[in-house]
Every structure is written in structure tokens, then in C-alpha cells.
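Student: Line order of the protein sequences matches chains A and B. All residue numbers for the first sequence refer to this note's numbering, where the first residue is 1 and numbers rise by one. All residue numbers for the second sequence refer to this note's numbering, where the first residue is 115 and numbers rise by one. Beta carbons: idealized from backbone N, C-alpha and C, even for Gly. Sharing a structure, written as C-alpha cells. Questions coming.
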Amino acid sequence: NAGVTQTPKFQVLKTGQSMTLQCAQDMNHNSMYWYRQDPGMGLRLIYYSASEGTTDKGEVPNGYNVSRLNKREFSLRLESAAPSQTSVYFCASSEEFAGQDTQYFGPGTRLTVL
Amino acid sequence: GQQVMQIPQYQHVQEGEDFTTYCNSSTTLSNIQWYKQRPGGHPVFLIQLVKSGEVKKQKRLTFQFGEAKKNSSLHITATQTTDVGTYFCGCAGNNRKLIWGLGTSLAVNP
Numbered sequence: 001n002a003g004v005t006q007t008p009k010f011q012v013l014k015t016g017q018s019m020t021l022q023c024a025q026d027m028n029h030n031s032m033y034w035y036r037q038d039p040g041m042g043l044r045l046i047y048y049s050a051s052e053g054t055t056d057k058g059e060v061p062n063g064y065n066v067s068r069l070n071k072r073e074f075s076l077r078l079e080s081a082a083p084s085q086t087s088v089y090f091c092a093s094s095e096e097f098a099g100q101d102t103q104y105f106g107p108g109t110r111l112t113v114l
Numbered sequence: 115g116q117q118v119m120q121i122p123q124y125q126h127v128q129e130g131e132d133f134t135t136y137c138n139s140s141t142t143l144s145n146i147q148w149y150k151q152r153p154g155g156h157p158v159f160l161i162q163l164v165k166s167g168e169v170k171k172q173k174r175l176t177f178q179f180g181e182a183k184k185n186s187s188l189h190i191t192a193t194q195t196t197d198v199g200t201y202f203c204g205c206a207g208n209n210r211k212l213i214w215g216l217g218t219s220l221a222v223n224p
């Protein structure tokens, strides 16, 4: 089991460029999440998907779109990157089982927008 | 809306000293989760607390959930250099979305 995988690991973009961050999980989880992490700001939820075919906005959704392609994959798209989107992006998945609802995180994508 | 405060923001200790981080929610929680993130790594689940007054131990780590289910603490006894990292609390209300504390970064001097 690979758990949660993310691609790419690093990316540098110019302002205005677009890109898609990919995330996949092999744990058969229903819920998936996209977070961004900035120094001193903790983890902030961008979007989440409670199940295949559904997505909802989190705390900081502006400038992002998501697609829950199937149960395994949840992608995050930046249509027109801005320097304020320089951050580390984490994808996570979870499944409630016996009252436990652990989130499993991917290794992250380190994005710099110039 | 729900707010979560985690203190302290940073803690620097000598190896062998104890360490405690506190997490306080403005609302009553259904559960609280603790995660550890090593420098350059990703958050990794440590434990989930559900019951009022619950205390759980993992080797040198002790986790407590307050009686009112609005606060929690993580205590590390006799820190080691392997404890270095940032400790986050994730607070769950009635829905399943976690509201995260800003984390406590622990540095340990050998």
C-alpha cells in the first residue's frame, strides 16, 4: 500500500500560469482533502470531498478548483497562479471506522509562484 | 465559528526535559486528534480522544481530553531528539471537518 501519493513533489510557476496537482489514495477512503500550509498559519482547508462525485469549499477556496475524478483521485487546479499561492500543498484522505476518523496525508507538493 | 488556539507556538528544551502543548477550542468537540509533523515532512496521526476526561498514553507521550471536551493537552516526558517536530491538534465538531490549531514547534537540544 502506497497510502496517499502526490505529484509533483516540487513545482515553480510564473504568475498567470496554470497547473494541476494530482493526488491518489489506495486505501478505499471516501473522504479526501486539500490543504495548504504556510509558515505560522498551520493547515488550512482548501476543498474537501466527502464522497465520489461531491466537493465542498473549505476555508480558503479562492483561486482553486478541484475534481474528484473517482474514489481514488482528487486533483487541485490553479487556473492562474499568483505569488500568494506559494505554499506547501497536502492532500489527505480519511474514513470513519469504529469511531476513529484518522486523516492520512500525502508527502506534499512544494509550489513556488514567481 | 469554531476557533482553536494552540499554545505555546514554540518550545525549546534540553534533552531529558518535559514538554507540554495545549489545545483549546471555543466550542464543545466530538473528538480531538493529535498529529506530529517532522521538519520537511507531512503530518502523521498520533491519537484520537473521544470521551470526556479521557487520558491515553503512548510510551513517553500522555494525551488528555478535558472534562468539558473543549481542551486537550499533549505531554512528553523526558524529551529526546527524535521528538523534534511540530505537534498539531485537529478539533472535530458535529461535522467531520477538522479545525486545526496552528501547531507547537518543539526543538530539543542534545
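Could you tell me whether any Cβ in chain D is nearer than 8 Å to the Cβ of Phe179(B)?
Tutor: The displayed structure is made up of protein chains A and B, and chain D is not among them.
Student: Are Gly42(A) and Leu216(B) close, meaning C-beta to C-beta below 8 Å?
Tutor: yes
Student: If distances are taken between C-alpha atoms only, which option among Lys171(B), Thr196(B), Val127(B), Gln178(B) comes closest to Pro153(B)?
Tutor: Thr196(B)
Student: Please list, in chain order, all residues of the same chain as His126(B) whose beta carbon is under 6 Å from its beta carbon, the five residues on each side excluded.
Tutor: Ala221
Student: For Phe159(B) versus Glu168(B), is the C-beta spacing smaller than 8 Å?
Tutor: no
Student: Could you say which of Val118(B), Leu212(B), Ile190(B) lies nearest to Tyr48(A) if we only look at CA atoms?
Tutor: Leu212(B)
Student: For the beta strand (DSSP E) containing Gln125(B), name the first residue and the last one.
Tutor: For Gln125(B), the enclosing beta strand (DSSP E) begins and ends at 124 to 128.
Student: Would you report the Cα separation of Ala192(B) and Tyr64(A), rounded to the nearest angstrom?
Tutor: Roughly 44 Å separates the two Cα atoms.
Student: Quick check: the region 82 to 93 of chain A against the region 25 to 38 of chain A, are there 3 or more CB pairs under 8 Å?
Tutor: yes
Student: Residues in its own chain within less than 6 Å of Gln147(B) by CB, not counting five upstream and five downstream?
Tutor: Around Gln147(B), the same chain offers Gln162, Gly204 as residues with beta carbons nearer than 6 Å, after the five sequence neighbours per side are excluded.
Student: Going by DSSP in three states, Ser138(A) sits in which element: helix, strand or coil?
Tutor: With chain A covering only 1 through 114, there is no way to say anything about residue 138(A).
Student: Using a Cβ-Cβ cutoff of 8 Å, what residues of the region 191 to 219 of chain B are near chain A? List them in chain order.
Tutor: Here the close residues are Phe202, Gly204, Ala206, Arg210, Lys211, Leu212, Trp214, Gly215, Leu216, Gly217.
Student: Give me the chain A residues within the contact set of His126(B), using Cβ-Cβ distance strictly less than 8 Å, ordered along the chain.
Tutor: Per Cβ cutoff of 8 Å: no residues; His126(B) is ~17 Å from chain A at best.
Student: How would you list, in chain order, the residues of chain B whose beta-carbon sits under 9 Å from the beta-carbon of Pro107(A)?
Tutor: Within chain B, the residues near Pro107(A) are Gly155, His156.
Student: With burial defined as no fewer than 16 other Cβ atoms inside 10 Å of the residue's Cβ, what is the status of Gly199(B): buried or exposed?
Tutor: buried
Student: Step through the CB atoms of chain B and report whether any lies within less than 8 Å of the CB of Thr5(A).
Tutor: no
Student: So the beta strand (DSSP E) Met19(A) belongs to, where does it begin and stop?
Tutor: Met19(A): member of the beta strand (DSSP E) spanning 19 to 25, first to last residue.
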